[in-house]
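Asker:
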Amino acid sequence: MPVLTGRLGTDGALVEVLVGWSASGAQSLHTALRPVPPPTRLHALLDTGAEMSCMDASVVQAMNLPLHGMTPVNLPVAGGLTIGMQYEAGLTIVHPSGNSTLNLVISDLILIEVPLGPLGYQALIGRDVLAQCHFQYHGPKGRFRLSY
Numbered sequence: 064m065p066v067l068t069g070r071l072g073t074d075g076a077l078v079e080v081l082v083g084w085s086a087s088g089a090q091s092l093h094t095a096l097r098p099v100p101p102p103t104r105l106h107a108l109l110d111t112g113a114e115m116s117c118m119d120a121s122v123v124q125a126m127n128l129p130l131h132g133m134t135p136v137n138l139p140v141a142g143g144l145t146i147g148m149q150y151e152a153g154l155t156i157v158h159p160s161g162n163s164t165l166n167l168v169i170s171d172l173i174l175i176e177v178p179l180g181p182l183g184y185q186a187l188i189g190r191d192v193l194a195q196c197h198f199q200y201h202g203p204k205g206r207f208r209l210s211y
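Residues in the sequence shown are numbered from 64 upward in steps of one, following this note's numbering.
(1) Hey, S210 and L154: beta-carbon distance below 8 angstroms or not?
(2) With a Cβ-Cβ cutoff of 8 angstroms, do L77 and L108 count as a contact?
(3) For Q199, I'd like the list of residues in its chain whose CB is within less than 6 angstroms of its CB, leaving aside the five on either flank, ordered along the chain.
(4) Of the choices V177, G132, A186 and I173, whose alpha-carbon is the least far from that of G75?
(5) Return the residue from the list N166, D171, D110 and I169 that minimises the CA-CA distance to L71.
(6) So what's D119 in DSSP terms, helix, strand or just coil?
(7) Using only CA atoms, which one of A89, H106 and R190 lies nearest to N127?
(8) State buried or exposed for G202, treating a residue as buried only when at least 16 other CB atoms are found within 10 Å of its CB.
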């Protein structure tokens, strides 16, 4: 079972992620003989308060991910209840060792577009992903641990 550990920063438990096209979306592009855009590396906050994983609007627009639908979103930092656009994506939590076999790869995930840029990170990893993990937040020691 891979384990990712890190120091808690002023924003909390931050990890590096790669976000790209979902496996099914990439297959559609291959079938249409179109290139699959490379994934984008982002800073993401592990957020047990987020029901679903989210990504900053500027990143979503730059990646041209396939639209999945819309959903109500309650984001107090952005003014409360609003409608968020959902996009099909693939997500990889990058293990800091650099050994890609230790990465957590989720090939098909729905991400919600929200304005996160001003917060200092570009993505939130919500309970939709964390439900597959064991997450320990050790505030007194200033550390976190994610195993999957």
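Cβ atoms here follow ideal geometry from the backbone N, Cα and C, with glycine treated the same way.
In this text the structure is predicted, and so the values were computed from the model without any measurement.
Answerer: Taking the definition as stated:
(1) Here residue 210 corresponds to residue number 147 of the sequence shown, with the count starting at 1. Here residue 154 corresponds to residue number 91 of the sequence shown, with the count starting at 1. No. Outside cutoff.
(2) One-based indexing of the sequence shown puts residue 77 at position 14. One-based indexing of the sequence shown puts residue 108 at position 45. For L77 and L108, yes; Cβs fall inside 8 angstroms.
(3) The residue you call residue 199 lines up with position 136 of the sequence shown. Excluding positions up to five away in sequence, the list reads R208.
(4) Within the sequence shown, the letter at position 12 stands for residue 75. Relative to the Cα of G75, the nearest Cα in the group V177, G132, A186 and I173 belongs to A186.
(5) Locating residue 71 in the sequence shown gives position 8, counting from the first residue. Here the closest residue by C-alpha is D110.
(6) Locating residue 119 in the sequence shown gives position 56, where the first residue counts as 1. In the structure shown, D119 sits in a strand (DSSP, three-state: E or B).
(7) Residue numbering aside, residue 127 sits at position 64 when the sequence shown is read from its first letter. For the residues A89, H106 and R190, the minimum Cα distance to N127 belongs to A89.
(8) Here residue 202 is taken as the residue at index 139 of the sequence shown, counted from 1. Exposed.
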